[in-house]
Amino acid sequence: MVKTIQGKLFVLFVAVSLISLSSAFIFRELIISDFNKYIEGVREDEIYRIMAFLEGSYEKDGSWNVDLIKDYLVLTYLMGFEVRLFDESDKEIMNTINAIASATPLMRKRIEALTRFKLIDKDSELKRFTSYPLFLGGRNIGVLYVKDLTSENGIKKEYLFLERSYLFLIFSIVVLGGISILISYYLSKRMVKPINELINTAKEIGEGKIGKRVQVYGDDELSDFARTFNNMAFKLEMQESLRRRLTTNIAHELRTPLTSMQGELEGMIDGLIKIDRERLMSIYEETLRLIKIVEGMEAIARAEASVLNIKKESIEAKTFLNIIRERFEKSFNDKGVTLVVECDESVRLYADPDKLSQVLINLISNALNATEKDGRVVIKAGKVNGGTFIEISDTGRGIEEKDIPFIFERFYKTSEDGLGIGLAITKELIEAHGGRIEVKSEI
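For the sequence shown, the working numbering begins at 153 and goes up steadily by one.
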């Protein structure tokens, strides 16, 4: 039993090809059936013409005109018939053999040149002939015996066409069958190739080679499957990368407070450091710092998980930005800072609304914190180079030039406030959308 997909496809293709080729036999049989009916009809018409001629000759002459009949039987020989004519008393009047024998040598040569019929047996039995009674005015005047002649190879000339067509059909089926088998093998192998690549790549990914991808061929269902597989492998690679980065960040961020706490506790145990409220408060503050770091790690983990689940849709930019502005309206009014949206109504965004809101809320919050009373924050959106941009500008204190290359790094802080993860999360969400984020600042 065939177990592989390639083998099953190969058997299926070959079966379909054989069924298609076998239909040629059915078609041939239908043609032969019609052809036989046609030949039989032509034969009957020719025999009826012979009968009509003989009956007309008898009527004209009042008896059998042997000389006239002799010439006519030569003609029937050329038509492919052997004929024997008997009168009403069952006496043979003339036959094809005698008619040809009585012809001149030149005539016999011409007859031989025109025909390739098998030599006629002089003692041919009448039972091999078909009899046709001849009548004149309702009176029997004789019997016509007719037999079909065959060629030298024993086949009636009309049927040579059928024999040759059969041989040609057999030859065609053998050739086309061989070609169909080769094509079936090629197609089955070609169709299974992407599946085999998927299997091999899946095995390699299972062995830890998460950077492996399959090649995408064409634009059919298997190609869609390959693209989906590659997308899944990409997300697995991202998850593995995020896991490693998170592990590294945790180790780095936790090492400092833990080392500090360890040093102070060891000093207390050894009696080198006095256990008092001040020392305990120091350890407590380090504990709070650890809690904030862990909370920051959780926030990063949630953000990184959300990067893998971006659901884009078309958004009307102006309406969307005005909703964001309304959320900050009270905070900006309380601080005395103006928040303005500048956007044309024709501008549309193609993004995940929730993730984009998270990005804008973080950036606007930073702008508000950096801007003093009577300052101004502007949210601007528009089209550029076939894409869409969102720009947030403020009149705040700005960022020092030395800090700009690092502000999107995790846990990088320009002040003691916060954990330095907000802009890192923002950058990851923007890049997950296929975009980029830039910063320009002056002090």
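Beta carbons are placed, not taken as given, at the ideal position from N, Cα and C, and that holds for glycine.
- One Cα belongs to V298, the other to L173, and the distance between them is close to 40 Å.
- With a threshold of 16 other beta carbon atoms within 10 Å, I573 meets it and is buried.
- Going by C-alpha positions, P409 is about 14 Å away from R431.
- About 6 Å separates the beta carbons of I252 and R260, which is inside the 8 Å limit, making them a contact pair.
- Under the 10 Å beta carbon count, F320 is surrounded by fewer than 16 other beta carbons and is classified as exposed.
- According to the DSSP assignment, V368 belongs to no beta strand (DSSP E), since it is labelled neither H nor E.
- Per DSSP, the unbroken alpha helix (DSSP H) holding N485 starts and ends at 469 to 487.
- The C-alpha of V446 is placed about 24 Å away from the C-alpha of A584.
- The distance from the Cβ of F558 to that of L520 is about 22 Å, inconsistent with a contact at the 8 Å cut-off.
- Per the coordinates, the alpha-carbon of N352 lies some 20 Å from the alpha-carbon of L339.
- Rounded to whole angstroms, the separation of the alpha carbons of M449 and S412 is 20 Å.
- Residue pairing from DSSP leaves I357 without any beta-bridge partner.
- Taking the Cα positions, F287 is about 23 Å away from D300.
- A buried status is given to L296, since no fewer than 16 other beta-carbon atoms sit within 10 Å of its beta-carbon.
- Annotated three-state conformation of D546 is strand, per DSSP.
- Residue environment analysis places L388 among the exposed positions, since fewer than 16 neighbouring C-beta atoms fall within 10 angstroms of its C-beta.
- If you draw a straight line from the Cα of M343 to the Cα of V166, it is about 15 Å long.
- In the three-state reduction of the DSSP assignment, M231 falls in the coil class.
- Assignment of beta-bridge partners to Y318 by DSSP yields no partner.
- Separation of K189 and N247 (C-alpha to C-alpha, rounded to the nearest whole angstrom) is 28 Å.
- Around the beta carbon of F179, a 10 Å sphere encloses fewer than 16 other beta carbons of the protein chains shown; the residue is thus reported as exposed.
- Beta-carbon to beta-carbon, I357 and A385 are separated by about 6 Å, close enough to satisfy the 8 Å threshold.
- DSSP places N518 in the uninterrupted alpha helix (DSSP H) bounded by 505 to 522.
- Around the CB of T523, 16 or more other CB atoms lie within 10 Å, so the residue is classed as buried.
- In the three-state reduction of the DSSP assignment, D213 falls in the helix class.
- DSSP places G423 in no alpha helix (DSSP H); its state is neither H nor E.
- Contact check for I544 against L515 passes: the beta carbons are separated by less than 7 Å.
- Looking at the backbone, the Cα of T471 and that of G363 are separated by about 41 Å.
- Of the residues S254, S593, N518, S324, the one whose Cα lies closest to the Cα of K554 is S593.
- A straight line joining the alpha-carbon of I221 with that of A204 spans about 12 Å.
- A Cβ-Cβ separation of about 18 Å leaves I191 out of contact with V235 under the 8 Å criterion.
- With a threshold of 16 other beta carbon atoms within 10 Å, F323 falls short and is exposed.
- I443 counts as exposed, since fewer than 16 other beta carbons sit within 10 angstroms of its beta carbon.
- With distances taken between CA atoms, K579 lies nearest to K507 out of V529, F177, K507.
- In this structure, V366 keeps its C-beta atom at 7 Å or more from the C-beta atom of F377.
- In the structure shown, the three-state DSSP call for V536 is strand.
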